[in-house]
Structures are given as structure tokens and as C-alpha cells.
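Q:
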Amino acid sequence: MIKNLKNLLMFASIVVMYQLNPCNIVLASDVSTNTTKPQTQVVSTQDNSKSQTLQDTSKILASQEESKYISESNSSSSVSESSGNLLPANADNVDNVPVDKNWIIHFNQPIDLSSAKENVKIINKKTNAEVPINISLSNYDSYMTVSTVSAYDPESYYILKIDNNLMGRYNKVLKTALTMNFKTGAKIENIDDISVSINQGDSYKLPDEVTAVMSDGGKVQVGVEWNEKVNTLASPGKYVYQGQVKGYSKEVDLSLTINPSTKDVDSIASTSMWIWELQNQVDAYGGIDNLIAKLKSMGINNVCIKYNEGSSPSGGGTNFRDDFLKYVGYFKEAGFKVGTWGYNHFDDVQGEGNLIIEALNNSDYYVFDAEDAVENKAEQTEEICELIRSQCPNAIIGYTSFPIASYHQNIAYSVFNKYCDFSAPQCYWGEMQWSVNRCLDQMATDYKAYGLDKPIYPIIQTYSINYEDYTAYSKYGYKATGLWSLDDIGQTFVQYINDMGSKFNN
Numbered sequence: 289m290i291k292n293l294k295n296l297l298m299f300a301s302i303v304v305m306y307q308l309n310p311c312n313i314v315l316a317s318d319v320s321t322n323t324t325k326p327q328t329q330v331v332s333t334q335d336n337s338k339s340q341t342l343q344d345t346s347k348i349l350a351s352q353e354e355s356k357y358i359s360e361s362n363s364s365s366s367v368s369e370s371s372g373n374l375l376p377a378n379a380d381n382v383d384n385v386p387v388d389k390n391w392i393i394h395f396n397q398p399i400d401l402s403s404a405k406e407n408v409k410i411i412n413k414k415t416n417a418e419v420p421i422n423i424s425l426s427n428y429d430s431y432m433t434v435s436t437v438s439a440y441d442p443e444s445y446y447i448l449k450i451d452n453n454l455m456g457r458y459n460k461v462l463k464t465a466l467t468m469n470f471k472t473g474a475k476i477e478n479i480d481d482i483s484v485s486i487n488q489g490d491s492y493k494l495p496d497e498v499t500a501v502m503s504d505g506g507k508v509q510v511g512v513e514w515n516e517k518v519n520t521l522a523s524p525g526k527y528v529y530q531g532q533v534k535g536y537s538k539e540v541d542l543s544l545t546i547n548p549s550t551k552d553v554d555s556i557a558s559t560s561m562w563i564w565e566l567q568n569q570v571d572a573y574g575g576i577d578n579l580i581a582k583l584k585s586m587g588i589n590n591v592c593i594k595y596n597e598g599s600s601p602s603g604g605g606t607n608f609r610d611d612f613l614k615y616v617g618y619f620k621e622a623g624f625k626v627g628t629w630g631y632n633h634f635d636d637v638q639g640e641g642n643l644i645i646e647a648l649n650n651s652d653y654y655v656f657d658a659e660d661a662v663e664n665k666a667e668q669t670e671e672i673c674e675l676i677r678s679q680c681p682n683a684i685i686g687y688t689s690f691p692i693a694s695y696h697q698n699i700a701y702s703v704f705n706k707y708c709d710f711s712a713p714q715c716y717w718g719e720m721q722w723s724v725n726r727c728l729d730q731m732a733t734d735y736k737a738y739g740l741d742k743p744i745y746p747i748i749q750t751y752s753i754n755y756e757d758y759t760a761y762s763k764y765g766y767k768a769t770g771l772w773s774l775d776d777i778g779q780t781f782v783q784y785i786n787d788m789g790s791k792f793n794n
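Structure representation (C-alpha cells):
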């Protein structure tokens with residue numbers, strides 16, 4: 289029975305980990321039976337009193353690079369379960385303690401809360417006044433948390449005291465009082481609000497750190513967490529973001545002004561001839577020079593040429609990328625705007641994204657062709673658009689898809705609208721067997737209803753269309769029109785171009 293009582297005697301020691309925030313006071317709860325010197329050094333004491341207190345012993349201080357471990361012992365013998373317990377001892381000064389510090393104290397047996405409230409105190413050394421504190425217990429009452437009702441004064445000295453009358457739940461007490469001196473660090477006095485101005489589409493992210501003015505007059509960089517992410521593709525205007533800094537009661541405001549994009553989208557806003565299989569068309573017209581001459585004769589100086597099929601540069605036996613790179617220089621020398629497009633799949637976001645970035649580096653603009661293959665892929669659409677914008681923030685990018693958005697709600701029109709500079713709905717009223725007016729009016733109604741607010745440059749058929757349909761379309765006065773396609777061009781279209789020109793915006 290006596291031997292068992294020895295192992296129940298309460299003990300404590302302090303461990304102050306300077307590199308942690310907040311620092312903890314840890315009162316050891318166990319004694320190793322291993323005679324090998326542990327990483328956290330402890331020293332035993334022999335209990336010969338058979339009483340409810342621990343005997344006074346000599347003090348040993350063990351210092352390490354980042355922490356201090358303090359204990360007392362009356363023996364140099366090895367620590368053992370039957371003879372060893374740690375004793376409390378006074379700690380050296382702990383510096384740069386946060387003004388909102390919570391101390392966590394770990395005991396080797398449950399503590400009585402009412403006794404803790406009577407015997408644990410924090411004293412302001414300058415005024416000798418007791419600091420109002422809150423005490424709570426956790427982990428079966430063996431962990432004590434000591435916090436102040438209000439923040440400590442910055443750059444001030446305090447003493448944490450645990451009286452020797454502190455009692456455990458099993459009526460065991462500390463014989464020797466524990467004290468720890470600490471000094472608080474400087475507190476944040478002020479953080480200036482921030483103003484930033486960018487152009488729409490610029491690459492920008494909110495800062496991870498802000499400059500804080502401290503109570504000692506110094507300036508330090510402190511971490512900040514913002515209430516939301518910045519969207520550089522948002523409409524031009526002023527946006528305010530709030531940031532939270534630990535230890536600072538106020539919010540940090542960052543005012544972001546988004547100016548209109550410097551991208552000259554109008555530079556590509558003209559009638560463009562779309563081309564699917566470029567090499568076939570070069571062959572059909574008897575060479576690249578003849579093809580270019582034919583386009584010029586129709587008043588067309590803008591071409592949009594296929595570059596990729598999903599994450600592949602080729603498809604159906606045609607290497608779209610190789611054909612484009614082979615002839616792009618001829619178009620540029622002839623004064624053409626040269627765009628690229630790809631039929632998108634978004635199954636391999638990184639692979640397809642890299643191919644599109646490559647296309648943008650070799651052309652004046654790129655157009656996503658978002659049809660059945662990208663249905664139910666809103667997440668992948670967001671990922672690939674974000675990837676491309678992060679690498680090509682100032683590129684001119686458009687998207688084309690079915691004209692009646694309400695019929696295709698599984699396609700992420702809103703995501704494309706967010707990242708792209710223009711939309712090119714495929715207004716193939718002939719294939720739809722609709723009238724020109726019905727197709728264009730329903731397209732415009734749906735786009736407005738879904739908040740698709742980017743400039744609209746419709747794509748229309750170059751085949752199987754009546755002459756009068758082109759006249760009806762031209763009355764809508766769109767700034768730019770895409771022509772699908774050189775591969776399928778019909779005589780009625782050629783006749784209209786010869787008679788009325790290629791602007792389609794009467």
C-alpha cells in the first residue's frame with residue numbers, strides 16, 4: 289500500500305518551447321524507467337517521507353538550444369519507477385511572449401479546479417498587481433489552461449506563480465511553489481490599409497504578409513488571411529478585401545482597383561474565315577499563295593485555324609498543329625490576323641492546357657470549341673481556364689458553343705464567360721431549321737438570362753443558306769462574324785460576298 293502511494297505523489301516541471309506559438313508550460317506527467325539519458329532531460333528524487341508532499345532536494349538546470357527543462361533531485365542515481373518523481377523549480381525569464389498568450393500546464397494527475405483558482409496567479413512585476421485570469425481544465429483535469437481576461441501589457445514583466453498549496457483531486461499537493469518569469473513582446477499598434485491598381489486580367493494575388501508597426505516603433509512582416517480570393521477577371525471597378533492578422537483586433541482593408549483591360553480585343557473583331565483542315569485547303573486552291581489571294585479577294589484578312597483535338601495536336605489522320613505552324617508565317621506576312629481553335633475535351637487538363645498555351649504563343653487569339661465533349665465538366669473547365677489565364681493573362685481568348693444556352697445547361701457557359709474575352713455562338717440556323725431571327729433572338733435572350741455579358745461575335749454557315757438569310761443576318765449589325773467554314777464554302781455565300789462585301793454589319 290505504501291509503495292503504491294509513492295507512485296501517486298504529484299509532481300511537475302516546466303518546459304518552455306520558445307519556437308512554438310503559443311509556448312506551453314508542460315509539467316511532466318511520467319518518469320521513464322529507461323536509464324539511457326532521454327532527449328528531454330529529467331532527474332529523479334527519492335521519497336523517504338511516506339507523506340503527501342515531496343521532499344526538498346538539490347536543483348539541476350538542463351539547457352538546450354531551443355528549450356529549457358528544470359527539475360530537482362537529491363540523487364545522481366538512475367531514474368526508476370519506484371524511486372523517482374520530478375519536482376517543481378523556478379524558471380528563468382521567458383522573453384517575447386505574445387500579449388494574448390495562453391499557458392498550458394500538464395500535471396501527472398488530475399487537479400482540483402477550485403484549488404487551482406486559489407493557488408495559480410500571474411503578477412505584474414511593475415505594479416505588483418495580480419492580473420485577472422481565467423483557469424480551465426481539460427484532458428481528465430490533468431491539463432490546466434491559464435489565460436488573461438484582457439491582453440498583457442506589451443514589453444512588460446510578469447510572474448506566473450503556482451503556490452505549493454495547489455491540490456490534486458486525490459489530495460496530493462505541491463510542497464515547493466513553482467514560479468516562472470516572463471516578458472511580453474511588442475504588440476501590433478497599426479497596420480495601414482493597402483491600395484492596389486491592376487488591369488483586368490493581370491496576374492495578381494493578395495499578399496501573404498503585411499507590414500505591421502509595433503509598439504516599440506519597429507516594423508515587421510506579419511501573416512494575413514483574407515476573407516476571399518481576388519478575381520482579376522472581374523468587371524472593372526473598385527473591390528475591397530478584408531484581412532485578419534493574429535494579435536490585431538482591426539481588419540486590414542485592401543482596396544483593389546481593376547482598370548479596363550489593355551488587351552485590344554477589337555484588333556481581332558473582324559470577319560474571320562474558319563478553317564478545319566488547312567493542308568487540304570492549301571491543296572484545293574493550288575498552294576498557300578492562291579488560298580491567301582482568294583481570301584483577300586473576298587475582303588477577308590482574319591483566319592481562325594484548327595490547332596488541337598483535345599490534348600492531341602492531331603486527329604483523323606491530320607496533324608493540325610504541324611499544318612498551322614507550316615503556314616502561319618505566310619498569313620502573317622500577308623497582314624492577316626491569325627487565330628487558333630481547338631475542339632475541346634478537357635479529359636487531360638494539364639496536357640490540353642499546355643497545348644492551348646502553345647497555340648496562344650503562336651497566334652493572335654484562341655477560341656475554345658466547347659460542345660458535347662465538355663458536358664458535365666464544369667470543374668475541369670474552371671481548371672483549364674484558370675491554368676491558361678495564369679500563364680497567358682493578356683492573351684485574347686474566346687469560346688464558341690451551341691447558340692441556345694438553355695438547351696445545353698451541362699456546358700459551363702458561365703465559366704467560359706468568366707475567363708474569355710468574347711463569345712462566338714454557332715448560329716447555324718440552316719442546320720437548326722430555324723429562321724435567322726428566331727435563332728439570333730433566342731440566342732441573345734438566353735445569353736442575357738444567363739449573365740453571359742462578353743462581346744458576341746456569331747459564327748454563321750457558309751453553306752446551305754439562302755441569299756436573303758445573309759441579308760437578314762447583316763441587319764443585326766454584329767461587330768464581328770465568324771464564317772464556318774472555308775472547307776464547306778458554297779456558291780450562294782460567295783455571291784453574297786461579291787455583292788455586299790464581307791463585313792456582315794449593314
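Residues are numbered in my numbering as their position in the sequence shown, beginning at 1, plus a constant of 288. We put the beta carbon where it would ideally sit given N, CA and C, even for glycine. These numbers come from a predicted model, not from an experiment.
Mind the definition here: the region 632-649 touches the region 662-669 only if three or more C-beta pairs lie below 8 Å; say whether that holds.
A: Taking 8 Å as the limit for Cβ pairs, the verdict is that the region 662-669 does touch the region 632-649.
Q: Report the start-end ranges of each beta strand (DSSP E) in the region 650-691 that is 3 residues or longer and not cut off at the edges.
A: Correct list: 653-657 and 685-688.
Q: Quick one: what's K791 bridged to in DSSP?
A: Answer by DSSP bridge pairing: none, since K791 is not bridged.
Q: Could you name each continuous beta strand (DSSP E) segment of 3 residues or more that falls completely within the region 365-449, going from the start of the chain to the end?
A: The region 365-449 contains these whole beta strand (DSSP E) runs: 379-385, 390-394, 408-412, 421-426 and 431-436.
Q: Cβ of D429 within 8 Å of Cβ of I399?
A: Yes; because the gap between Cβ atoms is below 8 Å, this pair is in contact.
Q: Please report the distance separating the alpha-carbon of D441 from that of T472.
A: Distance between the alpha carbons of D441 and T472: 7 Å.
Q: Please report the residue range of the beta strand (DSSP E) in which C592 lies.
A: First-last of the beta strand (DSSP E) with C592: N590 to E597.
Q: Check K736 in the structure and name its three-state DSSP category.
A: Three-state DSSP puts K736 in a helix.
Q: Return helix, strand or coil for E497, following the three-state DSSP convention.
A: Strand.
Q: Could you check if D729 is buried or exposed, using at least 16 other CB atoms within 10 Å of its CB as the buried criterion?
A: Exposed, because fewer than 16 other Cβ atoms sit within 10 Å of the Cβ of D729.
Q: For W717, write down the residues that DSSP places opposite it in a beta bridge.
A: W717 is not bridged to any residue.
Q: So, at 7 Å on beta carbons, what are the nonlocal neighbours of G641 in its own chain, with the 5 sequence-adjacent residues on each side left out?
A: Result list for G641: I672, L675 and I676, in chain order.
Q: For K413, count the other beta carbons within 10 Å of its own beta carbon; 16 or more makes it buried, fewer makes it exposed. Which is it?
A: Classification of K413: exposed, given that the 10 Å Cβ count is below 16.
Q: Just verifying my parser: in three-state terms, what is the DSSP assignment at I556?
A: I556: helix per DSSP, three-state reduction.
Q: Have a look at E477 and D388 and give me their C-alpha separation to the nearest angstrom.
A: Computed Cα separation, rounded: 14 Å.
Q: If you run the structure through DSSP and keep just helix, strand and coil, what is D541?
A: Strand, per DSSP.
Q: Can you name the start and end residues of the beta strand (DSSP E) that V810 belongs to?
A: Because residue 810 is not part of the residues shown, which for the chain are 289 to 794, the question remains open.
Q: With a CB to CB cut of under 8 Å and the five nearest residues on each side skipped, what residues in its chain are close to D504?
A: So the list reads P442, E443 and A474, once near-sequence residues are dropped.
Q: Going by Cα to Cα distance, which pick from K538, E516 and L494 is closest to A500?
A: When each option's Cα is compared against that of A500, the closest is K538.
Q: Under the rule that 16 or more other beta-carbon atoms within 10 Å means buried, what is D741, buried or exposed?
A: With fewer than 16 other Cβ atoms within 10 Å, it is exposed.
Q: Using alpha carbons as the reference points, say which of S773, N725, V782 and I777 lies closest to A760.
A: Checked all of S773, N725, V782 and I777; the closest Cα to A760 is N725.
Q: Does the beta carbon of A500 sit closer than 8 Å to a beta carbon anywhere in chain D?
A: Looking at the structure shown, chain D is missing, and only one protein chain is on hand.
Q: Using 8 Å as the Cβ pair cut-off and three pairs as the minimum, do the region 509-525 and the region 558-565 touch?
A: No, the region 509-525 is not in contact with the region 558-565.
Q: Just to confirm my understanding: we take Y716, look at its own chain, exclude 5 residues before and 5 after, and list those with CB closer than 6 Å. What are they?
A: Around Y716: Q749.
Q: Relative to the C-alpha of G718, which residue among V703, P691 and F710 is closest?
A: For G718, the nearest C-alpha among the options comes from P691.
Q: How is N725 classed by DSSP in three states: helix, strand or coil?
A: Note: N725 maps to helix in three-state DSSP.
Q: Within 10 Å of its beta-carbon, does D554 have 16 or more other beta-carbons around it, so buried, or fewer, so exposed?
A: It is exposed - the Cβ of D554 has fewer than 16 other Cβ atoms within 10 Å.
Q: Would you call the region 485-497 in contact with the region 540-549, where contact means no fewer than 3 C-beta pairs closer than 8 Å?
A: Counting Cβ pairs under 8 Å, three or more are found: they touch.
Q: As an exercise, report each continuous beta strand (DSSP E) stretch of at least 3 residues that is fully enclosed by the region 466-516, in chain order.
A: Fully enclosed beta strand (DSSP E) runs of 3 or longer: 466-472, 476-478, 482-487, 497-502 and 507-511.
Q: On the three-pair Cβ rule with 8 Å, is the region 639-657 touching the region 590-598?
A: With the cut-off at 8 Å, the region 639-657 and the region 590-598 touch.
Q: What is the rounded straight-line gap between the Cα of S702 and the Cα of K620?
A: C-alpha separation (whole angstroms): 33 Å.
Q: I'd like the list of long-range same chain contacts for W514, defined as Cβ closer than 6 Å, with 5 residues on each side in sequence excluded.
A: L494, Y529 and G531, listed in sequence order.
Q: Less than 8 Å between the beta carbons of Y437 and P420, yes or no?
A: With the sequence shown as reference, residue 437 is identified as Val, and Tyr is not the correct amino acid for it. Yes, they are a contact pair.
Q: Let me check understanding here. Comparing Cα to Cα, which of S585, I645, G575 and P601 lies closest to Y618?
A: Y618 has its Cα closest to that of G575, out of S585, I645, G575 and P601.
Q: From V782 to K584, what distance separates their C-alpha atoms?
A: C-alpha separation (whole angstroms): 13 Å.
Q: Measure how close the beta-carbons of L454 and N407 come, nearest whole angstrom, since I'm counting them as under 8 Å.
A: Sure, about 4 Å apart at Cβ, within 8 Å.
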